[in-house]
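A.B. asks:
2 protein chains.
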Amino acid sequence: MDKLSLDTLGRHLQSLRLARGLSLSQLAAAAGIAKSNLSRLEAGNGNPTLDTIWRIAVQLEVPFSQLVEPVSAPVEEEGIQVRLIDRGGDTPQVDVYWMSCAPHILRVAETHTPGAQESVMVISGELEAGLEGETRLLGPGESHTFPADQPHLYRTGETWATLLVTIVYAAQGDVL
Amino acid sequence: MDKLSLDTLGRHLQSLRLARGLSLSQLAAAAGIAKSNLSRLEAGNGNPTLDTIWRIAVQLEVPFSQLVEPVSAPVEEEGIQVRLIDRGGDTPQVDVYWMSCAPHILRVAETHTPGAQESVMVISGELEAGLEGETRLLGPGESHTFPADQPHLYRTGETWATLLVTIVYAAQGDVL
DNA sequence: TTTGCTCGTTCGATATATGGAACGCTTTAT
DNA sequence: ATAAAGCGTTCCATATATCGAACGAGCAAA
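Chains as they are written, first to last, in this note's numbering: chain A, -12 to 163; chain B, -12 to 163.
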């Protein structure tokens, strides 16, 4: 296995542990593993068992993929990057976009077909979005829905923001 | 570690392998592990090393959270296809999946981390989703949000359904 | 200072995950 | 029919992940 992955595992472990103010001994005890084991893992040596990873992940309260998979760094682009995820059929048509915004951008969206609704779900970072004058500040996991046929905007602050944008073209029913 | 998790790992492994038309021997050889090892893992016994899991995940071409975490498990029923769209960082972590369901499938999802919230946005088709006994019938552009740490289900009717599933792992803020 | 506590690391012993060679079974070819 | 090749499983030897104990360092209270 890639040695790099073990390194990242170690660094993730340590940073997550420190972020929670836990000592190595405390975490090891809480997880029910030997601290010698945890020590080696944080050092980047070792090749933990699923059982071990599981116990640690439970204690750190993270889905365990977070321990081993590299943090997705925002692509080095300027401005805004948009990707069409999927597009539904008719009645009503639904478009889903994945979107990544650099810090300090302001985007005033064009108006769409009358009756269209737009939903924004923030995946990571922070984003201000909504109708002009009625925007909301959204963090990860938060969402906002507004009419897409009126001028609306996206604005980022100090950080990158990744989000999903869903556009429903025929106004209908409840939307998120 | 939870024996249940090892079972699910085994079932995931086998279903993913079969879905790709690989024999156990082939996969083991391709991944560079002994087939005795893989055999034991699929049987639900054993406690694989991170190295082993990694090698298998690479060969199956799945982000390896798919092997162990419940949401993206097209296990028992075929006819469900799941793709990880994006994954946010910490505080809170947000996972976004694209999902396609065949007609007449019923999927009872396992529980995630306590406090997790799950949002379903239907892109096309129709889908019944929500907590057991509190499901809602959703059409294109409609969405539903419910706690993900309780048993919940997806059910399709006569048609295919395409949807987005967003999981927010740390309960926090409005998810309406 | 000394004592006592906790920290993270390192060491040897043990438990066990892995690899490799059998095995019996089924399928395909001769 | 027999042979040959592939399948998945089960055994044992070995590599190694884990454990528990001992260690030195840092810190606070006596």
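Backbone N, C-alpha and C define an ideal beta-carbon position, used for all residues, glycine too. The model shown is predicted, which means the values in this text are computed figures rather than measured ones.
1. Note down, in chain order, each residue of its chain lying with its Cβ closer than 6 Å to the Cβ of aspartate 73 of chain B, except the 5 sequence neighbours on either side.
2. Identify every run of the beta strand (DSSP E) within the stretch 75 to 138 of chain A, keeping only runs that are complete inside it and at least 3 residues long; order them along the chain.
3. Is proline 61 of chain A helix, strand or coil when you go by DSSP?
4. Per the DSSP calculation, aspartate 38 of chain A is bridged to which residue(s)?
5. Counting Cβ pairs, one atom from each stretch, are 3 or more of them under 8 Å apart for the stretch 109 to 117 of chain B and the stretch 113 to 124 of chain A?
6. Are any of the Cβ atoms in chain A nearer than 8 Å to that of serine 111 of chain B?
7. In this structure, how does DSSP classify arginine -2 of chain A when only helix, strand and coil are distinguished?
8. Report the residue from A:Gly33, A:Ala16 and A:Ala15 whose alpha carbon sits nearest the alpha carbon of leucine -4 of chain A.
9. Give the single residue among B:Leu3, B:Glu29 and B:Ser23 whose Cα lies nearest to the Cα of isoleucine 67 of chain B.
10. To be precise: take each residue of the stretch 124 to 157 of chain B, compare its Cβ to all Cβ atoms of chain A, and keep it if any distance is under 8 Å. Which residues remain?
11. What residues from chain B crowd round threonine 36 of chain A, counting only those whose CB sits closer than 9 Å?
12. Which same chain residues end up closer than 7 Å to serine 26 of chain A when comparing Cβ atoms and leaving out the 5 residues on each side of it in sequence?
13. For alanine 21 of chain B, name the three-state secondary structure that DSSP assigns.
14. Alpha carbons only, please: which of B:Val152, B:Glu48, B:Ala135 and B:Leu54 is nearest the one belonging to glutamate 167 of chain B?
15. With 16 as the cutoff for other CB atoms within 10 Å, does serine 59 of chain B come out buried or exposed?
16. How long is the line joining the alpha carbons of proline 134 of chain B and valine 81 of chain B, rounded to whole angstroms?
C.D. replies: The answer reads as follows:
1. Val83
2. Restricted to the stretch 75 to 138 of chain A, the beta strand (DSSP E) segments that are unbroken, complete and at least 3 residues in length are 81 to 88, 93 to 96, 104 to 118, 121 to 125 and 130 to 134, listed in chain order.
3. In this prediction, proline 61 of chain A scores a pLDDT of 35, lower than 50, which makes its location untrustworthy; the coordinate-derived value is nonetheless stated afterwards. Three-state DSSP puts proline 61 of chain A in coil, outside helix and strand.
4. The partner list for aspartate 38 of chain A (beta bridge, DSSP) is empty, contrary to what the question assumes.
5. no
6. yes
7. Under the three-state reduction of DSSP output, arginine -2 of chain A falls in the helix class.
8. A:Gly33
9. Closest option to isoleucine 67 of chain B, Cα to Cα, is B:Leu3.
10. Those residues of the stretch 124 to 157 of chain B that come within reach of chain A (Cβ to Cβ, closer than 8 Å) are Gly126, Pro127, Gly128, Glu129, Ser130, Thr132, Thr149, Leu151, Thr153, Val155, Tyr156 and Ala157.
11. Simply Met(-12), Asn34, Pro35, Thr36 and Leu37.
12. If we look at serine 26 of chain A and ignore the five residues flanking it on each side, its Cβ neighbours are Leu11.
13. Correct three-state label for alanine 21 of chain B: coil.
14. Outside the modelled stretch of chain B, which goes from -12 to 163, sits residue 167 of chain B, for which no answer is possible.
15. Low local confidence applies: a pLDDT of 39 at serine 59 of chain B is under 50, so the model's placement there is unreliable, with the coordinate-based value given in what follows. Buried, since its Cβ has 16 or more Cβ neighbours within 10 Å.
16. 14 Å
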